[in-house]
Amino acid sequence: MKTIAVPTSAAGQRLDQFLASQLPEVSRVRVQQLIAQGKIAVDGKSAKASLRLRGGEEVAVTGQVELPPLKAFAEDIPLDVLYEDADLAVINKPAGMAVHAGSGKDSAGNKGTLVNALLHRFGAAAMSRAGGELRPGIVHRLDKGTSGLIIVAKTDATHRALAQQFAGRRVKKTYLALVQGWMKQAQGTVNAPISRDRLRRARMTTRRGAGGKPGRAAVTHWKVVKKVEGAFGRFSLLEVTIETGRTHQIRVHLASLGHPVVGDTLYGASRNLGYGETVSLVRNFLHASAIQFVHPTTQRMLVFRRPLPDDLEKFFRKMGE
């Protein structure tokens, strides 16, 4: 149980707003769920989320949110399968597809994911269960708005072996990213820990997280592939490799250099670069273009590559006109 004393400066605040500010690791939605489930007491009594505080109360968090378990199900969604054997598969994920449903989402949020497509293509019995019922086969992830290569495991042994390769930084992942502006150097490295933004929970940051704690280690290498300049401004196409796989890592690190990924308004990219009807981008310009790893069974080094998808290739050409 956690107890929080309400200062007089918080007088007039709603209970849910106050708790969200005091529990940076908990979203406001989770706070409201805690209140609805009777896990929050004010001076020993249950209260509503809309309760206006006076100052001087004692707020107690008496438990955690209880969420109904979700289970992934098969859904007929086309997949671009680059490689498949009895142990694993390599998929070229399209942008706009989440890898799996988030924990705590309702059934409506458990649709259209890569997991749903995998279960339809391969069958539940053919997928690893080491990641849990909601994430069969999933060893690593890509952001919903990022396209590109992802490995999925078919057996628990393969899942564990691949997880060890990722943990040991033996999997090489390469991305292509278009960023705003011209990079001052031809190549560079960002070595900056990443943590959850204390104020904007949907964001990650290279600044210190809740309580001033340092974030998780993250290393990103980049080099300029091409610089372009056109009617819409200056842009740099980068090849990016990462040693770690933190949430939003590439997007956060490039934004920290003052060069956000094009389309990534969450991290400061321009919302309007003068795009006309003939050129538009409805997602971030980030593509996982190559992946290299050792096959857990054969011990052969496998390398897979996919060029920019049509939407990004067309957009890139337009930026240079």
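Numbering-wise, the sequence shown is residues 28 to 348 according to the numbering used here.
Cβ coordinates follow ideal geometry from the N, Cα and C atoms, glycine included.
What you are looking at is a predicted structure, and each value in this text was computed from that prediction instead of being measured.
DSSP three-state label for Val33, please. Looking up residue 33 in the sequence shown gives position 6. Three-state result, Val33: coil.
Which residue's Cα is closest to the Cα of Met124: Met210, Ala116 and Leu141? On the sequence shown, residue 124 is found 97 positions in, with the first residue counted as 1. When each option's Cα is compared against that of Met124, the closest is Leu141.
To which residues of the same chain is Ile31 closer than 7 Å at the C-beta, ignoring the five residues directly before and after it? As a first step, residue 31 must be located in the sequence shown, where it is residue number 4. Closer than 7 Å at Cβ, skipping near neighbours: Gln49 and Val86.
Go ahead and pull the three-state DSSP assignment for Val289. One-based indexing of the sequence shown puts residue 289 at position 262. DSSP places Val289 in coil when its eight states are reduced to three.
By the three-class DSSP mapping on this structure, what secondary structure does Phe259 have? Walking along the sequence shown from the start, residue 259 turns up at place 232. The answer is coil: DSSP assigns Phe259 none of H, G, I, E or B.
Report all residues from its chain with a CB closer than 8 Å to the CB of Ile277; omit the five preceding and five following residues, and keep chain order. Counting from one through the sequence shown, the residue named residue 277 turns up at place 250. Tyr202, Ala204, Thr247, Val267, Ile269, Val288 and Leu313.
Under 6 Å Cβ to Cβ from Val198, same chain only, skipping five residues before and after it: list those, please. One-based indexing of the sequence shown puts residue 198 at position 171. Once the five neighbours on either side are set aside, the close Cβ partners of Val198 are Gln192 and Phe320.
Looking only at its own chain, which residues have a Cβ that is under 7 Å from the Cβ of Gly290, when we skip the five neighbours before and after it? As a working mapping, residue 290 is identified with position 263 in the sequence shown. Here the set comprises Ala296, Leu308, Arg310, Asn311 and Phe312.
For Arg162, does the count of other Cβ atoms within 10 angstroms reach 16, so buried, or fall short, so exposed? Position 135 of the sequence shown, counted from the first residue, corresponds to residue 162. With 16 or more Cβ atoms within 10 Å of its Cβ, Arg162 is classed as buried.
When DSSP builds the beta bridges, which residues end up paired with Lys93? By one-based count along the sequence shown, residue 93 stands at place 66. The sequence as given places Glu at residue 93; Lys does not occur at that position. BP columns for Glu93 are empty, so no partner.
Take His280 and list the residues in its own chain whose beta-carbon comes closer than 6 Å to its own, dropping the five residues that flank it on each side. Position 253 of the sequence shown, counted from the start, is the residue given in the question as residue 280. The residues are Val217 and Thr247.
Of the listed residues Ser283, Pro336 and Ala244, nearest to Ala122 (C-alpha basis): For the purposes of this step, residue 122 is taken as the residue at position 95 of the sequence shown. The shortest Cα separation from Ala122 among Ser283, Pro336 and Ala244 belongs to Pro336.
When every heavy atom of the ligand NAD is checked, does at least one fall within less than 6 Å of the C-beta of Phe149? As presented, the structure is devoid of all ligands, the ligand NAD included, so that no description of it is given.
Considering only the beta carbon of each residue, do His286 and Gln207 sit closer than 7 Å? Working through the sequence shown from its first residue, we reach residue 286 at position 259. Working through the sequence shown from its first residue, we reach residue 207 at position 180. Contact flag set, yes.
CA-to-CA distance, Gln60 to Ala37, given in whole angstroms: Here residue 37 is taken as the residue at index 10 of the sequence shown, counted from 1. Here residue 60 is taken as the residue at index 33 of the sequence shown, counted from 1. C-alpha separation (whole angstroms): 21 Å.
Is the beta carbon of Leu78 closer than 7 Å to that of Leu42? The sequence position of residue 42 within the sequence shown is 15, counting from 1. The sequence position of residue 78 within the sequence shown is 51, counting from 1. Yes, they are a contact pair.
From Arg51 to Val166, what distance separates their C-alpha atoms? Position 24 of the sequence shown, counted from the first residue, corresponds to residue 51. Position 139 of the sequence shown, counted from the first residue, corresponds to residue 166. Here residue 51 turns out to be Pro, not Arg, going by the sequence shown. Going from the Cα of Pro51 to the Cα of Val166 covers about 28 Å.
Could you compute how far the alpha carbon of Ala157 sits from the alpha carbon of Lys181? As a first step, residue 157 must be located in the sequence shown, where it is residue number 130. As a first step, residue 181 must be located in the sequence shown, where it is residue number 154. Taking the straight line joining both Cα atoms gives about 10 Å.
Taking the Cβ atom as the reference point for each residue, do Leu169 and Ala317 lie within a distance shorter than 7 Å? In the sequence shown, counting from the first residue as 1, residue 169 sits at position 142. In the sequence shown, counting from the first residue as 1, residue 317 sits at position 290. Against a cut-off of 7 Å, the Cβ pair of Ala317 and Leu169 comes out as no contact.
Less than 8 Å between the CB atoms is what I'm expecting for Ala213 and Lys250, so what's the real figure, rounded? Walking along the sequence shown from the start, residue 213 turns up at place 186. Walking along the sequence shown from the start, residue 250 turns up at place 223. Contact flag correct, Cβ pair sits at about 6 Å.
When the Cα atoms are used, what is the spatial distance from Val53 to Ala47? Against the sequence shown, residue 53 aligns to sequence position 26. Against the sequence shown, residue 47 aligns to sequence position 20. Cα to Cα, the separation comes out at about 7 Å.
Let me confirm a value: Val2 is counted as buried when at least 16 other C-beta atoms fall within 10 Å, else exposed. Which label applies? For residue 2 there is no data in the structure shown, the boundaries of the chain being 28 and 348.
Considering only residues of the same chain and omitting the five flanking positions on each side of Leu293, which have a CB-CB separation below 7 Å? The residue labelled residue 293 in the question sits at position 266 within the sequence shown. These residues qualify, in order along the chain: Ala229 and Arg230.
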